[in-house]
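One structure is given here, and the rest of the page talks about it.
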Amino acid sequence: MSLVIDYYQQLVDLPAAQNTCSLIGLPKLASYWPAIMAIAVFFQVLRLSSNTLSSCLFGKKFDVLTPRQKYDWGVRVVSQVHAVSVVILSVPILFKEELIKDPLYGFDAYSAWVYSIKPSLQYYGASFIMFETSTIFLNINWWMDKLGLTGSRLQFYNASALLFLYLTIRIMFGTYMSYHMFEDLKAKGSQTPAVLYYFYRIANHSILVLSYYWFYLMINAVRKRFQPAKTKAD
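This note's numbering numbers the first residue of the sequence shown as -3 and each following residue consecutively.
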């Protein structure tokens, strides 16, 4: 492990990396660029190899898909791995005492390692990353459609879990945490520049509006898939 850490530090200390990060105005990026590149390469390899693995697992059901569908399949494999990873990694952040005491500017080394370079809104950031929980079931629903399981009981159970988690986490929990975040920013957000505050507000409200609209579309999609069969009159 020490060899890996030493090699990582050598990459960070490369003059070319330090100079490039300073040139583009992101000097702190120099400490993280090896990890960012490694993650980018990992996900790209995962996407490229997912078609081969999926063909072995699902056989003709996967092989008959169009090239575009196979590409989208690989993208969703990457999306699934990312969603599962960030949700699992973000859960402990919600229970960090340092962040609960100061959700705006509290700092925790673990949460900084997970998703943040600058310690700001780490607690609320973890709350909003939990939105990705619904992505896990959304991807499964898409895969079921492509595998000929549309309207199946298994898809019904998955769709039920998707709607429940979307409603409770993205709509209810997301709205609740958004309200408290902006209340905290109003009362104690003196360290946050006004431009950044309004950027947060516009971005957050846009996501919430879209979330409500997407939930409406999801309910309609589920209704169409699972309508009871109509009996013909004699």
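Every residue, glycine too, gets a C-beta built ideally from N, C-alpha and C.
Which of helix, strand or coil DSSP assigns to residue i
i, result
"residue 116", "coil"
"residue 228", "Interpretation of residue 228 is limited by its pLDDT of 49, a score under 50 that renders its predicted location unreliable; the figure taken from the coordinates is listed afterwards. Looking at residue 228 - three-state DSSP - the assignment turns out to be coil, as it is neither helix nor strand."
"residue 146", "coil"
"residue 30", "helix"
"residue 171", "helix"
"residue 60", "coil"
"residue 92", "coil"
"residue 186", "coil"
"residue 68", "helix"
"residue 75", "helix"
"residue 6", "helix"
"residue 198", "helix"
"residue 141", "helix"
"residue 55", "coil"
"residue 261", "The displayed coordinates of the chain run from -3 to 230. Any statement about residue 261 would go beyond what the structure contains."
"residue 180", "helix"
"residue 20", "coil"
"residue 100", "coil"
"residue 38", "helix"
Cβ shell of residue i (< 6 Å), same chain only, five flanking positions each side left out
i, result
"residue 107", "89 and 118"
"residue 123", "173"
"residue 223", "none"
"residue 17", "23, 25 and 26"
"residue 221", "147"
Proximal residues to residue i (C-beta, below 8 Å), its chain only, five neighbours per side dropped
i, result
"residue 189", "none"
"residue 140", "146, 148, 150, 151 and 154"
"residue 20", "none"
"residue 229", "Because residue 229 carries a pLDDT of 49, less than 50, the predicted location of this residue cannot be relied on, and the following value inherits that uncertainty. Cβ within range, chain order: n/a, list empty."
"residue 61", "69 and 142"
"residue 181", "100, 188, 193 and 196"
"residue 44", "70"
Cβ neighbours of residue i in the same chain (closer than 7 Å, five flanking residues each side left out)
i, result
"residue 232", "Past the edges of the chain, shown from -3 to 230, lies residue 232, and the structure says nothing about it."
"residue 116", "101"
"residue 143", "54 and 57"
"residue 134", "158"
"residue 187", "101"
For residue j and residue i, believed in contact at Cβ under 8 Å, the rounded distance
i, j, result
"residue 13", "residue 26", "5 Å"
"residue 75", "residue 110", "The Cβ separation is near 18 Å, so there is no contact."
"residue 69", "residue 50", "6 Å"
"residue 125", "residue 80", "Rounded, the Cβ-Cβ distance is 12 Å, inconsistent with contact."
Item to check | Segment contact, 8 Å Cβ cut-off, at least three pairs: the stretch 129 to 147 with the stretch 97 to 109 | outcome: no
Checklist entry - Do the stretch 162 to 174 and the stretch 204 to 213 touch if we need at least three Cβ pairs shorter than 8 Å? => result yes
Next on the checklist: Quick check: the stretch 171 to 183 against the stretch 197 to 204, are at least 3 beta-carbon pairs closer than 8 Å?
Outcome noted: yes
Checklist entry - Hey, is the stretch 2 to 11 in contact with the stretch 37 to 51, meaning 3+ C-beta pairs nearer than 8 Å? => result no
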